[in-house]
Amino acid sequence: MRKGPYDHQAIEQKWQERWDHDHLYEVDLDHPKKKFYNLIMFPYPSAAALHVGHVYCYGGADTYARYKRMQGYDVFEPMGFDAFGIHAENYAITIKEHPQVVVPRNVEHFREDQMKKLGAMFDWSREVNTTDPDYYKWTQWVFLQMHRAGLVERKVAAVDWCPGCKTVLANEQVIDGECERCHSQVEQKELAQWFFKITKYADRLLAGLDKIDWPERTKALQKHWIGKKVGIDITYKIDGQPDKSVVCFTTRPETNFGATFVVLAPEHPFVDSLTTPEQRAAVGAYRELVKKKSDMDRTELSKEKTGVFTGSYCINDLNSARMPVWVGDFVLAHFGSGAVVGVPAHDIRDFEFAQMAGIPVIRVLEKDGDRSEITKGEQVWEDAGTVMNSGFLDGMPWEQAREAIMDHIEKNGWGTRTVSFRLHDWCISRQRYWGPPIPMIHCEKCGWVPVPEKDLPVLLPKIVEYLPDGSGRGPLARVESFVKTECPVCHGPAERETDVSDTFLDSAWYQLRYPSTEFGEKPFDDERSRKWLPVDMYIGGIEHATMHLIYFRFVTMVLHDLGYFDFDEPSLKLRHQGLIIKDGAKMSKSRGNVVNPDEYIRKFGADAFRTYMLFIGPYEDGGDFNDRGILGASRFFEKVWDVLLTPSLSAKLASEGGLPPLAGGPETKVSLAKLHATVKKVGDDLENLHFNTAIASLMELGNWLKESSGYLSPDQWKEVCSTVPRLLAPFAPHLAEELWEKLGFAYSVHNQLFPIYDESELVESSFVLTVQVNGKVRDTFTLPLDITQSDVEKATLEREKVQKWLEGKTVKKVIYVPRKLINIVI
RNA sequence: GCCGAGAUGGCGGAAUUGGUAGACGCGCGGGUCUCAAAAACCCGUUGGAGCGAUCCAGUGAGGGUUCGAUUCCCUCUCUCGGCACCA
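Taking the UniProt record's numbering as reference, the numbering of the first sequence is continuous, increasing by one, and the terminal residue is 826.
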């Protein structure tokens, strides 16, 4: 057998073609014995090429999937393209081409020139592309299901408007007051939009977190994002106008005897009716000012409290206190009831507002016996205490008082216990071109009517002028042939909705489509979904924690509730790859430090590149990309190649008698404990995505093999030759396949089971004892395994190095950890 | 401000239930080969002292528990991520 040089280019091309030809990675979806659905977040073609972050994500996910396959699972690892959306469209605009041209070209490049070169187990026969009418037909169908479930609402609301992208954004797409895509300052705009009532699922989204194996920090992000607050809505009647009242949501009703004012959000619907004629001008001016504020640079906005008195007062039924009603922009219209009752003694914001407005401060909680007047912001503490100055609540600990007063308020009909969420409804309208048209039709007579399912898809027309014009309506509004249609109900003339849906809707259900791509007449086949869903492992970036990963769960829950399947969480297990940075900074086009993997893959091979990336650090932490390190992986593979394929050793494999031990070699047989320990370590690490330590132990095995291979018996050598390629297979699929073939085993290594280790082989015949004196290491020496404790102590005390330390001292105590350590305390 | 994660050689990072800190790799130093260089291979590589055996110090800082602490507890500093006037 000729070894030949390790020519990664030839090897990788050879096996990629072979695997493709043999459909090696296409599983039988109808007859899985042990299914494993390994889902990887699909890319969006918003740049000319994939970068190393993608390779990192896919490399790790694929290595894990390959391990699962070698455990006997039928692993389904599909891939696709999230090709609709603002990100892809903005890219097309930047390079001054049409998305209809750019997107297919990028997808082709991603798939053919980049992803297929990675040597991943992607099943390309089930590729999904969200811009394909056969796909977005069903995205529109999902919209109709939402409508059917009563979760679609059209409302005119102040929404986040990006002047750069000339469209509305979801709350999740606004980062620090900027558009997450183009970083323009987001403005407030009053527009009629389509919303999904995700807030109705807030409790479900929270509760579901307890039953899925997702990272705790991801769950914490979602919990915080959903922001459940339990409290009470208290109604305060307006003084002198018994028919009018204001509802304030509070989580701290036990402090309500200390309430001295009420503040409405500037957008609160009652502002006009509560403003007295004398205050009208001031309130009007203030509201104008607030409107402009959102257009101003956010960083210049001071957190100083501002506000204007409406002239009205309301009554606190608890103590008949007369409280001025103000308008202030620190109160948010979309949280709670859009109005706040101010207790300045026990809330820092209320305190600041009271100081600004000259409103009195009444202390109602004592802390550690302190009942003094509150005169400074630092004294406003919001944690536990005992109630004072509050009538029947006096002397109660705050927890008890909270329940008592809520009972009291409810009994008297002054309020109702309630729950508020930070989560907003999901605004899915986009005034853009590159997305699935929202399947709604407006008829003068019938109002808004959904497009009948049989008429799907509502095709996105191919138009040349696709740029948004900022009119508040999308580019489709300019296409008369698209807009003009017939009402599905009365068949009179009607107009189509011209907005397209948010990209996050495209990706909120894609996991359902992959196993059913060949079914043109339905979004997913019941039998296939039953066999393959939910997803067993989902891998992707944590940046989607409060966006895609919430919508993904929400849409699954709704379809479940409509009876389409019996699971209500899309993915049982989720893990995130860490962020790959370059020179300590996040990779970005603007920094110019984006690393394209193609060059490295050509030079070092996909095997070495994948392995290097996974070796950088813990997979879930990511790390700094440093191209010098690739050499390490490359040298490792060269070494393995040489050791396993050295002709003399191969000859040894063939000759039954084997070669005599090399000169100077030990008489006794070399133990394969290292091999078995590596099998155990690599398997355990792969299961936990600890790729870096798995690779380190493989490298150790390589070093050991290089030193010891000359001492192995033919049987041991056979075991090594059949084990090592299988250990390498998840990390370096091409190299492993080539070694497997060259060593004379039958195709394919990727149909083999992962090696099994023998517990008894792990045990060496001797162990190294660490000797400590007063906890400091002073000596180490080797002892036989079956030695008794008293013999260990005796042997230890005889050691010269130990005696030196014990000289003239009394041994107080001896601690022995079997087969590990002995500590002599003097 | 609140929530979450973290801090270990020149660098990336290892270290089962507390039990030899620095595995593995990069880089660096020395050597072999070469007319020479690169590559490859071999040896060394936490800091300090010593020719050396060896000794001392050492896992962000300070304290504590323990025979023994990177690991557990308390206090503090800094870094990163998320949220941010959310009542």
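Glycine residues also receive a C-beta, built at the ideal position from the N, C-alpha and C atoms. All values reported here derive from a predicted model rather than from experimental measurement.
The three-state secondary structure of I226, taken from DSSP, is helix.
The three-state secondary structure of V27, taken from DSSP, is coil. Contact between the segment 446-457 and the segment 131-151 is present, with at least three C-beta pairs closer than 8 angstroms. Secondary structure at D233: strand, using DSSP grouped into helix, strand and coil. The criterion of a C-beta distance shorter than 7 angstroms is satisfied by W194 and R154. Bounds of any beta strand (DSSP E) do not take in A795; it lies within the alpha helix (DSSP H) bounded by Q789 to E798.
Assignment of S125 by DSSP, reduced to helix, strand and coil, places it in the helix class. When DSSP reads this structure, D213 sits in a beta bridge with K573. As the crow flies, the alpha-carbon of Q431 is around 19 angstroms from that of D82. Its Cα nearest to that of F565, the residue L512 stands out among V101, G605 and L512. Its chain contains V128 as the residues whose beta carbon lies nearer than 6 angstroms to that of Y510, once the 5 sequence neighbours on both sides are disregarded; these appear in chain order. Under a 10 Å Cβ-count criterion, E190 is classified as exposed, with fewer than 16 other Cβ atoms of the shown protein chains found around its own Cβ.
S571 is positioned such that its CB atom lies closer than 7 angstroms to that of Y538. If the five residues before and after D684 are omitted, its C-beta is found closer than 6 angstroms to no C-beta atom of its own chain. Excluding its 5 nearest sequence neighbours in each direction, L332 has C-beta neighbours in its own chain below 8 angstroms: A265 and G338, listed in chain order.
Taking a contact as a CB-CB distance under 8 angstroms, the pair V802 and L769 does not count as one, their CB atoms being some 11 angstroms apart. Here E738 has I11 as same chain residues with Cβ atoms under 6 angstroms from its own Cβ, once five neighbours each way along the sequence are excluded. Taking 7 angstroms as the cut-off, the Cβ atoms of M587 and Y56 do not count as close. When DSSP states are grouped into helix, strand and coil, E807 belongs to the coil group. One thing to note: A88 has its Cβ no nearer than 7 angstroms to the Cβ of E77.
In the three-state reduction of the DSSP assignment, Y612 falls in the helix class, which pools H, G and I. In the three-state scheme derived from DSSP, where H, G and I count as helix and E and B as strand, S481 is classed as helix.
Counting only runs that start and end inside the segment 364-426, the beta strand (DSSP E) elements of at least 3 residues fall at 415-420. Excluding five sequence positions before and after D502, the CB atoms of its chain that fall closer than 7 angstroms to its own CB belong to A170, I428 and R430, given in chain order.
With at least 16 other beta carbons inside 10 angstroms of its own, H54 counts as buried. Excluding its 5 nearest sequence neighbours in each direction, G258 has C-beta neighbours in its own chain below 6 angstroms: V343, A345, I362 and V364, listed in chain order. Taking 7 angstroms as the cut-off, the Cβ atoms of H676 and E764 do not count as close. Remark: three or more beta-carbon pairs, one from each stretch, lie closer than 8 angstroms, so the segment 231-250 and the segment 268-277 are flagged as touching. Residues I232, M406 and E410 of the same chain have their beta carbon placed closer than 7 angstroms to that of R417, with the five preceding and five following residues left out of the count. CA-to-CA, the gap between A477 and Q185 works out to about 25 angstroms. In chain order, G119 place their CB closer than 6 angstroms to the CB of P733, counting only its own chain and leaving out the 5 sequence neighbours on each side. Looking from the CA of G415, the closest CA among C446, N256 and D425 belongs to N256. CA-to-CA, the gap between V341 and G164 works out to about 38 angstroms.
Around the C-beta of Y466, 16 or more other C-beta atoms lie within 10 Å, and the residue is accordingly described as buried. Each residue's CA atom was taken as its position, placing R628 and L728 some 22 angstroms apart.
Three or more beta-carbon pairs separated by less than 8 angstroms are not found between the segment 369-379 and the segment 216-227, which leaves the two stretches without contact.
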